[in-house]
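Residue numbers (our numbering): 796 to 1378.
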């Protein structure tokens, strides 16, 4: 077998990273088109097509089927919705009732989950909890009232179908628009692999770091020797080896197998949204990836964040933001010059990127920004607040230059007995609680980067009651075994978590791993609290950073059986999932 380095040196890898200019499916891409918009997004494979596919109203028909795609120069079969990747944009109106007829044209079962949507649990679309799924040849009718507005998305909740194309955007028009714009575009980010996801998962189970090509090298060791001395450099390596951790473990699946997509286009396809100089443009970013976290910027343009996970927030101006799997983020930009701007979304491990263009005219392009260097995880990402308080080799405190480090409360973690087993390779003694850390790869990069501490949902919490009880769960795993869990217990072995109907409770999550975990509770809002316990921002998916402790309030006002899981697809399938029963 070739070494990882020889595989990365393969010239064909460039094609994977960039993709091909006319890759994708020969069908509508599902891009949002504002009334009167000039723009774009031609369906890949149809030269000259200029009418993106969007559906609006209250009655919708969707079909899950298969279609050939070509993102890398090699034809593959994808699973599609109405023949497209992504599926069509579904445009609803707040206060209406929608009916969605989903027909399964596959030879296997399928499902559609309406991510972040408040609805009866029977309509949630999770096989084994909400219903049995949609059998081949069957049509399932979803019907529910629309009780919210904003940017959301939908996807399959059946095995790995989400990885192979079963996803699409949702835009819900509010009764009254708080932040009007002249143009309005969905920017959906996804990761595509020519490899069968079953093969990817089996590979990870055999070797958890198979797709990681940035492990520490001999030159780095000698650099540490020069900086720290031989004994401390050896001690540093021994520590990482003893913990069975890697400081390069940023993403389980990398650009070695992934081509990153923007609205169904590979980077070489260059999705384009048009504008007239001086217009206000709303970009609705959706991370519909299976496993990829993106860092998004538009060089030359400030972005004003106006919504997070569909909920309006106090506007905040940034240069860059990190969007974890399943999150959505709405921004306003105001390009005033008659030139093109690159929308650049780099993967967290810097192994690839998605890109598109905002331009006054079709065919224009802007220069691609250089990729930031890949950074290593630090002791703070491994030990949390304890690392911030420990003197380093140079006498300074580890992490004290991080945002919020000086104000870190020291909270001792309490670990369940079930965490002490072969499925858990790490436990954090003192997790950090700060929300103003942008995360590894974005710290001190010279740009204004969005953090959760910057987000403030307009209107405050939905429920003024103080939580009456607390549930603490730890995010756990063993990277060598590729086993993921809550409290060291995989989904298959776990009992449901019970909420009392109508109660207000607090959920505390402690990340005992060195990876980011976007945690999604179905059916109810998660109202994130700041380290002082005050309401911060309302979300449907909360990214928990390595060695971090967060808390959020939940009003258990939705009776039924709900999924609760990490939205990293392979983490969920490997066990980081629970059932929540509200009764």
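Heads up, the beta-carbon is just placed ideally off N, CA and C, and yes, glycines get one too.
Neighbour-count burial assignment, residue i, 16 or more Cβ in a 10 Å radius
i: residue 1341; result: buried
i: residue 1297; result: exposed
i: residue 1162; result: exposed
i: residue 813; result: buried
i: residue 936; result: exposed
i: residue 816; result: exposed
i: residue 957; result: buried
i: residue 997; result: exposed
i: residue 1331; result: buried
i: residue 934; result: exposed
i: residue 1299; result: buried
i: residue 995; result: buried
i: residue 870; result: exposed
i: residue 1072; result: exposed
i: residue 1106; result: buried
i: residue 1209; result: exposed
i: residue 1133; result: exposed
i: residue 1168; result: exposed
i: residue 1025; result: exposed
i: residue 826; result: The predicted model places residue 826 with a pLDDT of 39, which falls under 50 and marks its position as unreliable, so this point remains unresolved.
i: residue 1214; result: buried
i: residue 1254; result: exposed
i: residue 1022; result: exposed
i: residue 806; result: Low local confidence applies: a pLDDT of 46 at residue 806 is under 50, so the model's placement there is unreliable, with the coordinate-based value given in what follows. With fewer than 16 Cβ atoms within 10 Å of its Cβ, residue 806 is classed as exposed.
i: residue 1261; result: exposed
i: residue 880; result: buried
Beta-carbon gap between residue i and residue j smaller than 9 Å
i: residue 1116; j: residue 1077; result: no
i: residue 960; j: residue 876; result: yes
i: residue 903; j: residue 931; result: yes
i: residue 1256; j: residue 1322; result: yes
i: residue 1278; j: residue 1369; result: yes
i: residue 1344; j: residue 1359; result: no
i: residue 901; j: residue 868; result: no
i: residue 891; j: residue 953; result: no
i: residue 926; j: residue 948; result: no
i: residue 1305; j: residue 1226; result: yes
i: residue 1224; j: residue 1181; result: yes
i: residue 1218; j: residue 1283; result: yes
i: residue 1043; j: residue 1172; result: yes
i: residue 1054; j: residue 1247; result: no
i: residue 1083; j: residue 992; result: no
i: residue 888; j: residue 967; result: yes
i: residue 1079; j: residue 982; result: yes
i: residue 1301; j: residue 1333; result: no
i: residue 1160; j: residue 1135; result: yes
i: residue 1357; j: residue 1375; result: yes
i: residue 1061; j: residue 819; result: yes
i: residue 898; j: residue 1104; result: no
i: residue 1272; j: residue 1220; result: yes
i: residue 1177; j: residue 1309; result: yes
i: residue 1057; j: residue 1127; result: no
Integer Cβ distance of residue i from residue j, believed to fall under 8 Å
i: residue 906; j: residue 928; result: 5 Å
i: residue 980; j: residue 1047; result: With a Cβ gap of about 30 Å, residue 980 and residue 1047 do not count as contacting.
i: residue 896; j: residue 856; result: 5 Å
i: residue 1003; j: residue 1207; result: Not confirmed; about 29 Å, so no contact.
i: residue 1137; j: residue 1150; result: 6 Å
i: residue 769; j: residue 1294; result: This structure cannot settle anything about residue 769, because the visible part of the chain is limited to 796 through 1378.
i: residue 1245; j: residue 1100; result: 6 Å
i: residue 1313; j: residue 1120; result: 5 Å
i: residue 1164; j: residue 1094; result: 5 Å
i: residue 1070; j: residue 978; result: 6 Å
i: residue 1371; j: residue 1270; result: 7 Å
TODO: Flag this pair as touching only if the stretch 1127-1144 and the stretch 1087-1096 have three or more C-beta atom pairs under 8 Å; answer yes or no.
DONE: Under the 8 Å Cβ criterion, the stretch 1127-1144 counts as touching the stretch 1087-1096, having at least three qualifying pairs.
Open item on the list: Can you confirm whether the stretch 911-926 touches the stretch 1314-1321 when touching is taken to mean that 3 or more C-beta pairs between the two stretches lie within less than 8 Å?
Closed with: yes
Open item on the list: Below 8 Å, how does it come out for the stretch 884-898 and the stretch 846-863: are there three or more Cβ pairs, yes or no?
Closed with: yes
Open item on the list: Counting beta carbon pairs with one atom in the stretch 982-993 and one in the stretch 1048-1064, are three or more of them shorter than 8 Å?
Closed with: yes
Open item on the list: Using 8 Å as the cut-off, can you tell me whether the stretch 965-972 makes contact with the stretch 1057-1069, which would need three or more C-beta pairs spanning the two stretches below that distance?
Closed with: no
Task: Residue ranges of each alpha helix (DSSP H) within the stretch 1133-1182, 4 or longer - done: 1174-1178
- [ ] Report yes or no: do three or more beta-carbon pairs, one from the stretch 1111-1127 and one from the stretch 1238-1253, lie closer than 8 Å?
- [x] The stretch 1111-1127 is in contact with the stretch 1238-1253.
TODO: Could you tell me whether the stretch 1279-1291 touches the stretch 1323-1332, using the rule of 3 or more Cβ pairs below 8 Å?
DONE: no
Open item on the list: Report the start-end ranges of each beta strand (DSSP E) in the stretch 888-965 that is 3 residues or longer and not cut off at the edges.
Closed with: 892-899, 908-910, 934-940 and 945-950
Open item on the list: To test your reading of the DSSP string, which unbroken beta strand (DSSP E) runs of 3 or more residues are found completely within the stretch 1074-1122?
Closed with: 1076-1082, 1089-1092, 1098-1103, 1106-1113 and 1115-1118
Open item on the list: Going residue by residue through the stretch 1247-1280, where are the continuous beta strand (DSSP E) segments of at least 3 residues, counting only ones entirely within it?
Closed with: 1264-1273
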